[in-house]
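Residue numbers (the working numbering), protein chains in the order written: chain A, 14 to 209; chain B, 512 to 787.
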Amino acid sequence: MDQEQQKSDKSGSENSIEDFVMRMGIICTPYNIEDVLSYKNELIRINKELGDRVKIILFGYDGKGDEFEGLKYEYVKPVSIIHYFKQLKALELNLLFIPLIRSVYNATSENYNKFLEAGLFNVPVIALKMYPYKQIITDKMTGFLYNDKSEFFPNIEHLSKNPQLLQLVGENANTKIKDGFDYDQTNIEVINQFFQ
Amino acid sequence: MKSIIELNRAILDDEFYESQFEEYGTDKNILFLNPQLSGKQLYKSILPFFYLHSENTYVAITNINKYDPIKQLTDIQINISAKEIMWADFIVIPFTAVDLSRGADSLYTMIRQINSKCKIAYCLDVNFYELPKKHPFASHINSDAVANIESNIWNADICIVNNLAFRDYLMQKLNQLLETTYKGIRTTVSITCIPFLIDSKIVTENVDYDVVNPEPVTPHSEETKSKIDKVSDKAEEIKQKDIQDKKQENKNGSGKTKQKTSGSRTAKVRQVRKRK
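The structure is reproduced here in structure tokens:
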């Protein structure tokens, strides 16, 4: 990927809105591929109706298999946790989409680490309004939430025309993470309480 | 993540490894057992290893395994000695479906026999009752595996989850088990939800790595800094030794490329020795 092209894609504030290309990342591993595939039609619609204005990047996908046939996307193979953050930063995302099927499994097993990781690099996330995201994200302040699948595409279309909103919400997410989810003394004491 | 790479290297050195168990916190000692280099273990074991360390709380780690969640689930290899069990007030065990709690030779039994005051903290990563059919774990979580996990929970002191909804779900399940499988069998396990915290300094360390002018990590507390420095110093010592050894080999013209293991400690199964 051309670094200059990436930088041009990323900086919505410097270029006009017409030039803005929203880079939307999706963490896609064997552990959540069913969730990602449940949005395949919506992602194809993004390709068709928003064209090159939105680039879809699957991170953690090995590119084998034909699950995503019909979808135009880029992919980055899985990396170890050691290199994960460096790779995440290098993707220069504007938005991280967290696809989730509304299920008991997801509500009870999903952790909000993607929100933390993306927020470290000022990247906002968009997710279905369900636990845990509905607890930690304030819509349009520290991330984006939608109520059901039918609202997903309109949200993406809107965000693809609003790079400054993406930037602002990403910065808010970063602030929230550093204020509330960092290993400061208060939080260390909280964790220590569990080991009594 | 330089600190974690260095920890991975330092932990293989016998001297460094053993030094973890020669000091004691004024309040408690926590041992993190066999975490993998995975996203989940980053939050559950590796970052806490650096950040919980203080004068009051000493932390140690046994080893950091390569990423292989299926192996951890089905074939976890626990390396622990009596000395380590005696040292620990809390032992944090990663999620596995291997039976750790039943039988005279089980890990839990040995921990209880060697150090009756040590508390066993067993981690759960996913809601294993509700796994989607195509989840990579699904084919491995059969009824026997569920029984093993339930036993690991029932016989632990603390069961750690990271999702409040899962904690509530599990409480209901355990109440059901109290009337069925575990009727009349006492448990003192407490289900605990520990939040995920992240440290921007460690995880983004050297993300913009400048080889010429590397930025030092500046964590919050002196205790964490000393922990990171200790790991870093040992890792650097091992690295320099490896470089010297390689130079010597080349000088001797051995003509062979040997795979060097940093440090003298290799992963081996330690027999848990019962207290005399």
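Note that CB positions come from ideal geometry on N, CA and C, so glycine has one too.
Checklist entry - If you scan the stretch 21 to 84 of chain A from start to end, which runs of the alpha helix (DSSP H) of 4 or more residues do you find wholly inside it? => result 46 to 50, 53 to 63
Checklist entry - How big is the Cα-Cα spacing for Ser-163 of chain A and Arg-36 of chain A? => result Taking the first residue of the first sequence as 1, we reach residue 163 of chain A at position 150. Taking the first residue of the first sequence as 1, we reach residue 36 of chain A at position 23. Those two C-alpha atoms are separated by around 21 Å.
Item to check | Boundaries of the beta strand (DSSP E) in which Leu-93 of chain A is found, first to last residue | outcome: On the first sequence, position 80 is the one that residue 93 of chain A refers to. Reading off the sequence, residue 93 of chain A comes out as Ser, not Leu. Ser-93 of chain A -> no beta strand (DSSP E), and no H or E assigned at all.
Checklist entry - Is there a Cβ from chain A that is less than 7 Å from the Cβ of Pro-546 of chain B? => result Within the second sequence, the letter at position 35 stands for residue 546 of chain B. Not one chain A Cβ lies under 7 Å of Pro-546 of chain B.
Checklist entry - Is Met-512 of chain B close to chain A, meaning its C-beta is less than 7 Å from at least one C-beta of that chain? => result As a working mapping, residue 512 of chain B is identified with position 1 in the second sequence. It does; some Cβ of chain A falls within 7 Å.
Item to check | Cα-Cα separation between Gly-766 of chain B and Arg-520 of chain B, rounded to whole angstroms | outcome: Residue mapping note: residue 766 of chain B aligns to position 255 of the second sequence, counting from 1. Residue mapping note: residue 520 of chain B aligns to position 9 of the second sequence, counting from 1. Unreliable placement is indicated for Gly-766 of chain B, whose pLDDT of 46 sits below 50; the coordinate value is still reported in the next sentence. Cα to Cα, Gly-766 of chain B sits roughly 26 Å from Arg-520 of chain B.
Next on the checklist: Against chain A, with Cβ distances strictly below 7 Å, would Val-791 of chain B count as a contact?
Outcome noted: The structure shown does not extend to residue 791 of chain B, since chain B spans only 512 to 787, so no value can be given for it.
Item to check | Identity of the residue in A:Ile-95, A:Arg-115, A:Glu-80, A:Asn-200 nearest Tyr-159 of chain A by Cα | outcome: Here residue 159 of chain A refers to the residue found at position 146 when the first sequence is read from its first residue. Minimum Cα distance to Tyr-159 of chain A is reached at A:Arg-115.
Item to check | DSSP bridge partner residues for Asn-540 of chain B (one or two, in chain order) | outcome: Within the second sequence, the letter at position 29 stands for residue 540 of chain B. Per DSSP, B:Tyr-569.
Checklist entry - Can you name the residues of chain A whose CB is closer than 8 Å to the CB of Phe-677 of chain B? => result As a working mapping, residue 677 of chain B is identified with position 166 in the second sequence. The answer, in chain order, is Thr-121, Ser-122.
Checklist entry - Going straight from the alpha carbon of Asp-586 of chain B to that of Ala-649 of chain B, what length do you get? => result Your numbering for residue 586 of chain B matches position 75 in the second sequence. Your numbering for residue 649 of chain B matches position 138 in the second sequence. The straight-line gap from Cα to Cα measures roughly 15 Å.
Checklist entry - With a CB to CB cut of under 8 Å and the five nearest residues on each side skipped, what residues in its chain are close to Glu-87 of chain A? => result Indexing the first sequence from 1 puts residue 87 of chain A at position 74. Once the five neighbours on either side are set aside, the close Cβ partners of Glu-87 of chain A are Met-14, Lys-68, Ile-69, Ile-70, Leu-71.
Next on the checklist: Whole angstroms are fine: how far does the CA of Ser-592 of chain B sit from the CA of Asp-573 of chain B?
Outcome noted: Against the second sequence, residue 573 of chain B aligns to sequence position 62. Against the second sequence, residue 592 of chain B aligns to sequence position 81. Per the sequence shown, residue 573 of chain B should be read as Thr rather than Asp. Cα to Cα, Thr-573 of chain B sits roughly 10 Å from Ser-592 of chain B.
Checklist entry - What does Tyr-159 of chain A pair with, by DSSP beta-bridge criteria? => result Counting from 1 along the first sequence, the entry for residue 159 of chain A is found at position 146. In DSSP, Tyr-159 of chain A forms a bridge with A:Leu-141.
Item to check | Length-filtered (4 minimum) alpha helix (DSSP H) runs lying within the stretch 168 to 202 of chain A | outcome: 176 to 193
Next on the checklist: Out of B:Lys-758, B:Asp-744, B:Lys-757, which one is the CA nearest neighbour of Glu-526 of chain B?
Outcome noted: As a working note, residue 526 of chain B is residue 15 in the second sequence. Answer by Cα proximity: B:Asp-744.
Item to check | Neighbour-count burial assignment, Lys-211 of chain A, 16 or more Cβ in a 10 Å radius | outcome: The question about residue 211 of chain A has no answer, for chain A in this structure spans 14 to 209.
Item to check | Unbroken beta strand (DSSP E) run spanning Phe-482 of chain B, endpoints | outcome: Not covered by the structure: residue 482 of chain B. The range shown for chain B is 512 to 787.
Item to check | Nearest-angstrom Cα separation, counted from Tyr-535 of chain B out to Tyr-640 of chain B | outcome: As a first step, residue 640 of chain B is located in the second sequence; it is residue number 129 there, counting from the start. As a first step, residue 535 of chain B is located in the second sequence; it is residue number 24 there, counting from the start. So the two alpha carbons sit approximately 39 Å from each other.
Next on the checklist: Assuming Leu-141 of chain A and Leu-106 of chain A are in contact, meaning their beta carbons sit under 8 Å apart, how far apart are those beta carbons, in whole angstroms?
Outcome noted: Numbered from its first residue, the first sequence carries residue 141 of chain A at position 128. Numbered from its first residue, the first sequence carries residue 106 of chain A at position 93. No, Leu-141 of chain A and Leu-106 of chain A are not in contact; Cβ-Cβ is about 19 Å, not under 8 Å.
Checklist entry - What residue does the beta strand (DSSP E) around Lys-555 of chain B start on, and which one ends it? => result The sequence position of residue 555 of chain B within the second sequence is 44, counting from 1. Careful: Lys-555 of chain B lies outside any beta strand (DSSP E) and carries neither H nor E.
Checklist entry - Who pairs with Leu-285 of chain A in a beta bridge, going by DSSP? => result The displayed coordinates of chain A run from 14 to 209. Any statement about residue 285 of chain A would go beyond what the structure contains.
Checklist entry - With 7 Å set as the bound, which would you pick, yes or no: does the beta-carbon of Glu-733 of chain B sit closer than that to a beta-carbon of chain D? => result Going by chain labels, chain D is absent from the structure shown, which instead holds the protein chains A and B.
Item to check | Short CB-CB distance (under 7 Å) between Val-117 of chain A and chain B | outcome: Within the first sequence, the letter at position 104 stands for residue 117 of chain A. For Val-117 of chain A, the answer is yes, since a Cβ of chain B falls inside 7 Å of its Cβ.
Checklist entry - Using 7 Å as the limit for Cβ to Cβ distance, is Val-714 of chain B near chain A? => result By 1-based counting over the second sequence, the position of residue 714 of chain B is 203. Closer than 7 Å: yes.
Next on the checklist: For a contact defined as C-beta to C-beta under 7 Å, what are the partners of Lys-645 of chain B on chain A?
Outcome noted: In the second sequence, residue 645 of chain B corresponds to position 134, counting from 1. Neighbours of Lys-645 of chain B on chain A, chain order: Glu-47.
Next on the checklist: The alpha helix (DSSP H) that contains Ala-656 of chain B, what's its start and end?
Outcome noted: The count along the second sequence starts at 1 and reaches residue 656 of chain B at position 145. That run of the alpha helix (DSSP H) goes 654 to 665.
Checklist entry - Relative to the alpha-carbon of Ile-581 of chain B, which residue among B:Ser-549, B:Phe-560, B:Gln-755, B:Glu-595 has its alpha-carbon at the smallest distance? => result Here the question's residue 581 of chain B lines up with position 70 in the second sequence. Cα-wise, what sits closest to Ile-581 of chain B is B:Ser-549.
Next on the checklist: Assuming Glu-633 of chain B is part of the beta strand (DSSP E), what are its boundary residues?
Outcome noted: Taking the first residue of the second sequence as 1, we reach residue 633 of chain B at position 122. Going by the sequence as given, residue 633 of chain B is Tyr instead of Glu. Note, Tyr-633 of chain B: beta strand (DSSP E), 630 to 634.
Item to check | Of the residues A:Gln-209, A:Glu-80, A:Leu-179, the one placed nearest Asn-135 of chain A, counting alpha carbons only | outcome: Position 122 of the first sequence, counting from 1, holds the residue named residue 135 of chain A. Per the Cα distances, A:Leu-179.
Item to check | Three-state class that DSSP yields for Asp-753 of chain B in the structure shown | outcome: Start at 1 with the first residue of the second sequence, and residue 753 of chain B comes out as number 242. Helix.
Item to check | As assigned by DSSP and simplified to three states, the class of Gln-588 of chain B | outcome: Locating residue 588 of chain B in the second sequence gives position 77, counting from the first residue. Note: Gln-588 of chain B maps to coil in three-state DSSP.
Item to check | Touch test, the stretch 629 to 637 of chain B against the stretch 597 to 610 of chain B, Cβ-Cβ under 8 Å, three pairs minimum | outcome: yes
Checklist entry - If we call anything under 7 Å between Cβ atoms a contact, is Leu-618 of chain B one with Asn-663 of chain B? => result Start at 1 with the first residue of the second sequence, and residue 618 of chain B comes out as number 107. Start at 1 with the first residue of the second sequence, and residue 663 of chain B comes out as number 152. Not in contact: Leu-618 of chain B and Asn-663 of chain B (Cβ atoms no closer than 7 Å).
Checklist entry - Which whole-angstrom value describes the C-beta separation of Ala-615 of chain B and Leu-584 of chain B, a residue pair presumed to lie in contact below a C-beta threshold of 8 Å? => result Residue numbering aside, residue 615 of chain B sits at position 104 when the second sequence is read from its first letter. Residue numbering aside, residue 584 of chain B sits at position 73 when the second sequence is read from its first letter. Not really, about 24 Å apart at Cβ, beyond 8 Å.
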